[in-house]
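Colleague: Here the protein sequences line up with chains A and B, keeping their order.
The opening position of the first sequence corresponds to residue 396 in the numbering used here, with each subsequent residue numbered one higher.
The opening position of the second sequence corresponds to residue 396 in the numbering used here, with each subsequent residue numbered one higher.
Note that beta-carbon positions come from the ideal geometry of N, C-alpha and C, so glycine has one too.
Note that this is a predicted model, so its numbers are computed, not measured.
2 protein chains.
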Amino acid sequence: MTFEHPDRDAIDLSAVLHALSDPQRREIVAELAASAEPRPCGSFAPGISKSTRTHHFRVLREAGLIEQWKEGTSKMSRLRRADIDARFPGLLDSVLGSKALAQV
Amino acid sequence: MTFEHPDRDAIDLSAVLHALSDPQRREIVAELAASAEPRPCGSFAPGISKSTRTHHFRVLREAGLIEQWKEGTSKMSRLRRADIDARFPGLLDSVLGSKALAQV
DNA sequence: CACAAAGTACGACGATCGTCGTATCATTTG
DNA sequence: CAAATGATACGACGATCGTCGTACTTTGTG
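(1) Check A/P418 in the structure and name its three-state DSSP category.
(2) Per DSSP, B/L474 forms a beta bridge with which residues?
(3) Taking C-beta to C-beta, are B/L415 and B/V490 nearer than 7 Å?
(4) Using C-beta distances below 6 Å, list every residue in its chain close to A/A458, excluding the 5 sequence neighbours before and after it, in chain order.
(5) At what residues does the alpha helix (DSSP H) containing B/G492 begin and finish?
(6) So for A/E426, helix, strand or coil by DSSP?
(7) Among the residues of its own chain, which have a CB less than 8 Å from the CB of A/R434, if the five just before and after it don't count?
(8) When you compare the CB of A/H450 with every CB in chain B, is at least one pair closer than 7 Å?
(9) I want to verify the contact list: residues of chain B whose CB lies under 9 Å from the CB of A/P418, in sequence order.
(10) Quick check: the Cα distance between B/G442 and B/H451, rounded to an integer number of angstroms?
(11) On a CA-only basis, which of A/L408, A/P401, A/I406 and A/A440 is nearest A/R421? Give me that one, please.
(12) Pull up the DSSP beta-bridge partners for B/S469, would you.
(13) From the beta carbon of B/S469, is the nearest beta carbon of chain A less than 7 Å away?
(14) Between A/D478 and A/R403, which are expected to be in contact by the criterion C-beta below 8 Å, what is the C-beta distance as a whole number of angstroms?
(15) For B/G485, decide whether its Cβ has a neighbour in chain A, counting only Cβ atoms nearer than 7 Å.
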């Protein structure tokens, strides 16, 4: 918990919706939601540069969507599903559910 | 239907989330959702300028969230709830529902 | 026709966004 | 210690955003 994570009650809807409005970030969130296990940042979005990936992860973390911590040389990420579901019930499910459509 | 309205199947999730990420526009959508009757644009968001209001309504319309048509000198707006609900089930409810929180 | 009302078009402005490359840091491993 | 790995910091760039004011169009009303 050494990074900037907003408390559950401080999670802002505008920030969450903005974070989710980017397809790249939505893809990351979808992958995190699919695998319950935490994963290192580097295992996502292979098409983009490292700095861009860092940027996207920071946006997600500061919006309160993910939690991050260091583990060796890697940085692990986990979806804050309980917090998001508690604060905005149904939001994550509807956004991720529509991913099942041909929604790229 | 003389304006640019995306078809239901063409409604893009990124555009919808981006449109909803602005508090001003979310407020408009919330008011439209509250009163089932169409309302002229001028009856919203009294604090902002006319041009900004026009801009917000266009963003909402081009994202597929609202439908607009002229009626006399006014332009009426109605929420495309059925289309949004069909395309992204639960999304609108979760976004508007959280409005009930102290989410400004 | 003249006037008022409701929106739009068109820039403009500062701010933020998504992306990148390069340099740097922290950690593990040889 | 030295090298490699995984991620960050720091600009930088073009693009988009939210906001505004002013000028303009469209429509209805006297």
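Modeller: According to the structure data:
(1) Locating residue 418 of chain A in the first sequence gives position 23, counting from the first residue. Helix at A/P418.
(2) If you number the second sequence from 1, residue 474 of chain B lands on position 79. B/I461.
(3) Against the second sequence, residue 415 of chain B aligns to sequence position 20. Against the second sequence, residue 490 of chain B aligns to sequence position 95. It is a contact, given that the beta carbons lie within the stated cut-off.
(4) Taking the first residue of the first sequence as 1, we reach residue 458 of chain A at position 63. Contacts found: A410, V411 and A414.
(5) Along the second sequence, read from residue 1 onward, the residue named residue 492 of chain B stands at position 97. Note, B/G492: alpha helix (DSSP H), L486 to G492.
(6) Along the first sequence, read from residue 1 onward, the residue named residue 426 of chain A stands at position 31. In this structure, DSSP gives A/E426 a helical state, which the three-state scheme calls helix.
(7) On the first sequence, position 39 is the one that residue 434 of chain A refers to. Same-chain partners within the cutoff: E426, L427, M471 and S472.
(8) As a position in the first sequence, residue 450 of chain A is number 55, starting the count at 1. Not an interface residue.
(9) For the purposes of this step, residue 418 of chain A is taken as the residue at position 23 of the first sequence. When 9 Å is used as the limit between beta carbons, A/P418 is near these residues of chain B: L408 and S409, in chain order.
(10) By 1-based counting over the second sequence, the position of residue 442 of chain B is 47. By 1-based counting over the second sequence, the position of residue 451 of chain B is 56. The straight-line gap from Cα to Cα measures roughly 13 Å.
(11) Stepping through the first sequence from its first residue, residue 421 of chain A is reached at position 26. The residue with the shortest Cα to Cα distance from A/R421 is A/A440.
(12) For this step, residue 469 of chain B is matched to residue 74 along the second sequence. B/E466, per the DSSP bridge assignment.
(13) As a working note, residue 469 of chain B is residue 74 in the second sequence. So, not an interface residue.
(14) Locating residue 478 of chain A in the first sequence gives position 83, counting from the first residue. Locating residue 403 of chain A in the first sequence gives position 8, counting from the first residue. Between A/R403 and A/D478 the Cβ distance is about 4 Å, and since that is below 8 Å, they are a contact.
(15) One-based indexing of the second sequence puts residue 485 of chain B at position 90. Chain A, which has a Cβ nearer than 7 Å to the Cβ of B/G485, makes this yes.
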